[in-house]
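Enquirer: A single structure is presented below for examination.
There are 2 protein chains.
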Amino acid sequence: MAALDFLFKPISVAVIGASRHAGKVGYDVLKNIVSSNFQGKIYPINPLADEILGYRAYKSILDVNDSIDLAVVTVPAELVPQVAEECGQKKVKGMVIITAGFKESGHKGAELENAIAEKAKKYNFRVLGPNCLGFIDTFTPINASFTSKFPLKGNIGFASQSGAILSGILDWSVEEGVGFSKFISLGNKSDLDESDTIEALVNDSNTKVILLYLEGVEDGLRFFEIAKKVSSTKPIVVLKSGVSSAGARAASSHTGALAGSDKAYSTAFKQIGVLRARNIEELFGYGITFSLQNIPKTNSVAIITNAGGPSIIATDMCEEEGLPLAGFEAETIEKLRTNLPKAASIYNPVDILGDALEDRYKFALNTVLSDSNVGCVLVILTPQAMTKPKETAQSIIEISKGYKNKPIVASFMGGESVREASKNLLRHGIPCFGFPERGVKSLAGLVKFASLTKAELDEEVSKFDVDKDKVNEIFTNVYNDSRVVLLGHEAAAVTMAYGIMTPKVELAKSAEEAVKIAKKIGYPVVMKVSSPQILHKTDIGGVIMNLETPEEVSNAYYTISSNVFRHFPQAQIYGISVQQMVPQGRELIIGMTRDLTWGPMIAVGLGGIYVNLLEDVSFRISPFSRKQAFEMLSETKAYKLLKGMRGEKPSDIDSIVDVILRVSQLSQDFKIIDELDINPLFAYDEGCLALDVKITLEKK
Amino acid sequence: MAALDFLFKPISVAVIGASRHAGKVGYDVLKNIVSSNFQGKIYPINPLADEILGYRAYKSILDVNDSIDLAVVTVPAELVPQVAEECGQKKVKGMVIITAGFKESGHKGAELENAIAEKAKKYNFRVLGPNCLGFIDTFTPINASFTSKFPLKGNIGFASQSGAILSGILDWSVEEGVGFSKFISLGNKSDLDESDTIEALVNDSNTKVILLYLEGVEDGLRFFEIAKKVSSTKPIVVLKSGVSSAGARAASSHTGALAGSDKAYSTAFKQIGVLRARNIEELFGYGITFSLQNIPKTNSVAIITNAGGPSIIATDMCEEEGLPLAGFEAETIEKLRTNLPKAASIYNPVDILGDALEDRYKFALNTVLSDSNVGCVLVILTPQAMTKPKETAQSIIEISKGYKNKPIVASFMGGESVREASKNLLRHGIPCFGFPERGVKSLAGLVKFASLTKAELDEEVSKFDVDKDKVNEIFTNVYNDSRVVLLGHEAAAVTMAYGIMTPKVELAKSAEEAVKIAKKIGYPVVMKVSSPQILHKTDIGGVIMNLETPEEVSNAYYTISSNVFRHFPQAQIYGISVQQMVPQGRELIIGMTRDLTWGPMIAVGLGGIYVNLLEDVSFRISPFSRKQAFEMLSETKAYKLLKGMRGEKPSDIDSIVDVILRVSQLSQDFKIIDELDINPLFAYDEGCLALDVKITLEKK
């Protein structure tokens, strides 16, 4: 039995707040359950009625002399906690709370919502909502919602955080002929959320694709784990809104500034194989295609068309979506050449000309489908003088039956002349779009999913031997000092403890000590003031480079001290750091910013002082495998540099991947690290060095 | 009288090849002219018929005893030249040649097409086609095409290089309720092309927006000049396909490699104020909106919605499209607060809640429209239990009449429940889209156009005093040497002649000469081998830097010579250049690549050896004003660097703009320059220097 079957396939349902008056939600819900042809038992609960819609009504759910799986609740918010108590006593397995006026309406509503959560915990039942439309299952069938329509049967499972989008799409889908397995309105997600939805739909054989409209993810870690497993077998497509509000967020690190929290969503979705739709139409374009067609074995597309213009547009869109046009086998070309009119284009796109009737479409489609280079096909039809849309559609439908693993998508341009043909295609499992661009996008979705699922998602995460105690000690000292930002030498010590090499550095408290340290480290050295108040050290003469003798070091100590005193007489000076001078390497940034939803997000890219200008950064949510660390590096422009452009020697890629993984491990081991930047990391032919490390801890 | 009135408003039309048999093109065209309710005279020409569709038929156009404005031709291709001769004798003003089998079908067809062009020239008539559908004017009215439908009357003028797209859109538009002023099928564009179309439509008061589907532009210079003028008064929106095929092109310069020929189209369109649509739906989304609504005075949008989800999605799309949300005046907020339910959101987007009826929409819409911060409005409706789409639509229509300069666009989500309301909105001039993203895109189109037209298009182009003779002399020498690629010192001399400073450099033919030159230039110097065969000089020891004494210069001469001889014994050595060493500046690239359609395209951006990695380049088609040169520079990331980031001194922006303009002038003066790269250009606090200049001439 699949998760949440008590919800989607209940044996008995009570409607608490069932009403006798049309137009009331309590009436609409009961009527929908009844008229959806639900085969289970139905119990209206209403203290003032004896009978509603032909069903005996009860004053309380406790009065029903039968076990109840599911309670659908429409009574006012203030009454719901008491109803929940009764539901608990009645041992219901689930409540669908349609009523609004909870968390979304302010403090008082949030208290009511908490009260319900307590009952759910106490009595061990699950809650959908509150503040939702309810749900629909077209196979059970049951419509436990107050929508005005019942969807067509199909294989799309759709859960939405917005009731309005759900009802808008339902209305649209009936007219368009798009079918659904389940509609789930998530509402306030007080208990059941997107992760539960995915868990419930993965084993539902009626659902071929899971669509989600989300404004946020409740539990990133859980979603990550569940979706990762599911997406390797069943496509998940998400429209995540609220991108604009997430754009700006306070960040003290480069990595944080480059990320923004929407970036975390994109990164997480990509990493776990969730397709992200860019708009509502794309969400349902993918939904239709995934629910009707299978995933292609190879990713190249063949285009068949009866006109040049639309196929040029489709070709452009293939390029934009990264969908390659198939190169035909010699045999295919020969067959097309022999059998098509001379003016036809026999290469891909195959233009079978404006006078093509269904037989020519049939021949061309059969021919390209039998070519082993072809993974999927887009059939374009424009209404011309002799065109026969209906007959052509019928041919496509028949041929498609023989090629279940080569998806076919159609684009019939036009209005009335192609309407019936388009609907017939859709009814028989061939997605048909009015514009060729949408057809290409849909096929691209299938191909993207195929490539996503190829990634091995359960690779092992490396674990390095590290010195956690040392890091603990440093962090404790920083907190004891009432700081959250580490000083340079502290941050360097943290990364060193995690096996990330830095130039040798020590903090001197006097000129004599500086000379001793310089001797130990080896000349030349660079000296920098160490103070939590001074951020731009260079600007105030707080840095002196390339010191080659004890005299120079000693002088530098006094010069820096006096420069700092002149500019920042009030600054707290911890000393002056003496650091090994190292040769210039290729400059990278490796960083971490902790996302509220997804946890540590690791970045790598071109580093240096222009990092925010160049914006060449690739992200991953931690933890991840060595293979993924390499992959994220190889997505950057920096990678081309590292491989050695224009005859230069390549950098030590392995050691960079190591640093990425060590930063990831550090972020996992110490949840109190809010942000971390290594910028620049100097990459050399052999090894690499973290030149500057910034670490910020969370406020205590 | 507007251009091409003889085409769109003929007094008399002959259909040459008119047929008595339904299904034949010659019949369909005649029937379409007749049934479009054309008020002029109609003359079927058919040697075998006496009468067709009730009109007396003639054996030849020469037999008609009346003057003929327009001949629509459907006879086979081989007969068309003779028909053209007769049309010429008959003094027709225009021919519409529907027949196919010309240039598009190969050599023989091209000859026929040329023969027609000769007749047109001889007799001074214009030709639409061949290989086209014909045209339709809904106001004349006349349907001189073989389409199966007649479009609704409206204010979109649409010309298409693809007949199939035209017929597909026509079919679609009738069902959607979208109206057109003219449909023009351009076919092979043997004479009339997109530029003529624009010229014809600019003064056509029935056309509010010009839409073009193009696979190429015939005459870039002419299109540029005409569209520039038109676009300041009437919107032009173009869907240009064939992007993918244009992607790869052979280029020997960085600039050329960065450009690609599709980039030239985008650059030209942007520069002349033409909006580029990214797909068919966007083209007609813009078309509908421009044809129905006016351009807003300010660019901020107010959103009114009855549900949260769709308005969050719309807000995301506003961000993506660069459309700012209006901040309301205090008075507006107060009014909304006082009159809307407590749970409503009174800030932008204004959420008037799921139970909003038409009166609440009416109030909210009136209130935000009267706010002077609001430039345009998106009204979102999702079908909920109490929603009244029809009544709400009616309210919007009424209110819109009072705000002609504040465009209103609606998004009514759903199917049947909103269909009638949506159609009614469209009928009354309010574009209505099924998904909110499309509504936002449409408003963004209006705003983009408003910002395009703000650019002053007729600014003066600077002309510098330059030494053209010197450049002519250098180019002559290069050609005489059977080369097209200039040597370093030659290229430097060319730019110097155009007032672009380079480090001092001269070519030495002996060690002694090198020492003399070094003395003249001043130490230190850098020496480089000069040979057309050696491209990567550094790799073979062909460059020695930082030479400070005569001995070092002399030794360097011998070292370079022997290095070169060892690696390239066969290379042709012109000498060794001695060049002034200059301090490091900020590295830019300024370049030119000559586009086949648009002419010289100038580039500026981040330079150096990683220019193709960073891809930070902005383009303009030459010539352009100083203001535009500055604008193109300010579009780059390089500009942020030049202004001085992180406390650094700014670079001399004026001198960089100067170099851009001088390169532009050089490209105008010498059409034989195919490609030019200055990379790097060192920018300093004062002035800048072209460190390395590459110039390639066209092959003779």
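Sequence lines, in order, name chains A and B. Numbering of the first sequence is given in the numbering used here, commencing with residue 2 and proceeding in unit increments. Numbering of the second sequence is given in the numbering used here, commencing with residue 2 and proceeding in unit increments. Ideal Cβ placement from N, Cα and C applies to all residues, glycine included. Since the structure is predicted, the reported quantities are computational estimates derived from the model, not experimental observations.
1. In chain order, what residues of the same chain have a beta carbon less than 8 Å from the beta carbon of E491/B, not counting five sequence neighbours either side?
2. Determine the DSSP secondary structure at V21/A, reduced to helix, strand or coil.
3. Find the residues of chain B that neighbour I281/A, judging by a C-beta separation of less than 7 Å, and give them in chain order.
4. Tell me whether the stretch 223–241 of chain B and the stretch 199–206 of chain B touch, counting them as touching only if at least three CB pairs, one residue from each stretch, are closer than 8 Å.
5. Please list the residues of the stretch 600–629 of chain B that have a C-beta atom closer than 8 Å to any C-beta atom in chain A, keeping them in chain order.
6. Distance check for A498/A and D468/A, CA to CA, integer angstroms please.
7. Identify, in the order they occur along the chain, each residue of the same chain with its Cβ nearer than 6 Å to the Cβ of S493/A, setting aside the five sequence neighbours on each side.
8. Report all residues from its chain with a CB closer than 7 Å to the CB of M730/A; omit the five preceding and five following residues, and keep chain order.
9. Could you tell me which residues DSSP puts in a beta bridge with A604/A?
10. With 16 as the cutoff for other CB atoms within 10 Å, does S206/A come out buried or exposed?
11. Is P342/B closer than 8 Å to L354/B when the C-beta atoms are compared?
12. Specify the secondary structure class of P437/B as computed by DSSP and reduced to three states.
13. Tell me the residue span of the alpha helix (DSSP H) that contains K154/A.
14. Between which two residues does the beta strand (DSSP E) carrying G489/A extend?
15. For a cutoff of 8 Å on Cβ pairs, would you count E176/A as touching chain B?
16. Cutting at 8 Å between CB atoms, please list the residues of its own chain near A118/A, excluding the five before and the five after it.
17. Note the first and the last residue of the continuous beta strand (DSSP E) segment covering M96/A.
18. Look up T697/A in the DSSP assignment and give the residues it is bridged to.
19. Buried or exposed: which applies to P681/A, given that a residue is buried once 16 or more other Cβ atoms fall within 10 Å of its Cβ?
20. Under 6 Å Cβ to Cβ from V530/A, same chain only, skipping five residues before and after it: list those, please.
21. Between A710/B and chain A, is the shortest Cβ-Cβ distance under 8 Å, so that the two count as touching?
22. Could you tell me the distance, in whole angstroms, from the CA atom of Q395/A to the CA atom of F147/A?
23. Which whole-angstrom value is the C-beta distance of N340/A and F364/A, which I expect to be below 8 Å?
24. Closest Cβ-Cβ distance between D194/B and chain A: below 8 Å?
25. Taking Cβ positions only, does A145/B come closer than 8 Å to chain A?
26. Find the residues of chain A that neighbour G323/B, judging by a C-beta separation of less than 7 Å, and give them in chain order.
27. Checking the sheet assignment: what are the DSSP bridge partners for N478/A?
28. Using beta carbons (cut-off 8 Å, strictly below), is S37/A in contact with chain B?
29. Kindly say whether I166/B, judged by its beta-carbon, lies nearer than 8 Å to any beta-carbon of chain A.
30. Applying the criterion that 16 or more other CB atoms from any shown protein chain within 10 Å of the CB defines a buried residue, is Q629/B buried or exposed?
31. If you draw a straight line from the C-alpha of V495/A to the C-alpha of K471/A, how long is it?
32. Residues of chain B with CB closer than 9 Å to the CB of A265/A, please, in chain order.
33. Using a Cβ-Cβ cutoff of 8 Å, what residues of the stretch 189–223 of chain A are near chain B? List them in chain order.
34. So which residues on chain A does Q162/B lean against when the C-beta distance must stay under 8 Å?
35. Strictly below 8 Å CB to CB, what residues from chain B border T383/A?
36. From F9/A, T290/A, I381/A, P651/A, pick the residue whose C-alpha is nearest to that of N156/A; which is it?
Expert: Once the coordinates are examined:
1. Only residues of its own chain outside the window of five on either side were considered, and among them I475, N478, V479, I696 have a CB closer than 8 Å to the CB of E491/B, listed in chain order.
2. Reading off the sequence, residue 21/A comes out as Arg, not Val. Judged by DSSP in its simplified three-state form, R21/A adopts coil rather than helix or strand.
3. By Cβ distance, chain B contributes I314, F436, E438.
4. The stretch 223–241 of chain B is in contact with the stretch 199–206 of chain B.
5. Against chain A - using a Cβ distance shorter than 8 Å - the residues of the stretch 600–629 of chain B are I610, Y611, L614, L615.
6. Rounded to the nearest angstrom, the two C-alpha atoms are 5 Å apart.
7. It should be pointed out that residue 493/A corresponds to Ala in this sequence rather than to Ser. So the qualifying residues of the chain are T503, V506, V694.
8. This structure cannot speak to residue 730/A, because chain A is shown only from 2 to 701.
9. BP columns for A604/A point to G592/A, F620/A.
10. Exposed, since its Cβ has fewer than 16 Cβ neighbours within 10 Å.
11. In this structure, L354/B places its C-beta atom within 8 Å of the C-beta atom of P342/B.
12. Helix at P437/B.
13. From DSSP, K154/A is part of no alpha helix (DSSP H) but of the beta strand (DSSP E) over 153–161.
14. For G489/A, there is no enclosing beta strand (DSSP E); the residue is found in the alpha helix (DSSP H) stretching over 489–498.
15. At least one beta carbon of chain B lies nearer than 8 Å to the beta carbon of E176/A.
16. These residues qualify, in order along the chain: V128, S191, D192.
17. In this chain, the beta strand (DSSP E) harbouring M96/A covers 95–98.
18. Paired residue(s): V486/A, E676/A.
19. When all chains shown are included, P681/A counts as buried.
20. For V530/A, the CB contacts under 6 Å within the same chain, skipping 5 residues up- and downstream, are K538, G543, I561, V565, I577 in chain order.
21. For residue 710/B there is no data in the structure shown, the boundaries of chain B being 2 and 701.
22. Distance between the alpha carbons of Q395/A and F147/A is about 38 Å.
23. The Cβ separation is near 6 Å, so the contact holds.
24. D194/B does not count as touching chain A.
25. Contact with chain A is absent for A145/B, since none of that chain's Cβ atoms lies less than 8 Å from the residue's Cβ.
26. By Cβ distance, chain A contributes nothing, its closest Cβ being about 11 Å from G323/B, past 7 Å.
27. N478/A has no beta-bridge partner at all, per DSSP.
28. Contact of S37/A with chain B is not assigned, every C-beta pair being separated by 8 Å or more.
29. Look at I166/B: its C-beta is under 8 Å from a C-beta on chain A.
30. Buried, since its Cβ has 16 or more Cβ neighbours within 10 Å.
31. Whole-angstrom Cα-Cα distance: 7 Å.
32. What A265/A touches in chain B: nothing, since even the nearest Cβ is about 16 Å away.
33. The residues in question are Y214, E216.
34. Those within 8 Å of Q162/B in chain A are G310.
35. Result: A165, I166, S168, G169.
36. Of the candidates F9/A, T290/A, I381/A, P651/A, the one whose C-alpha sits nearest the C-alpha of N156/A is T290/A.
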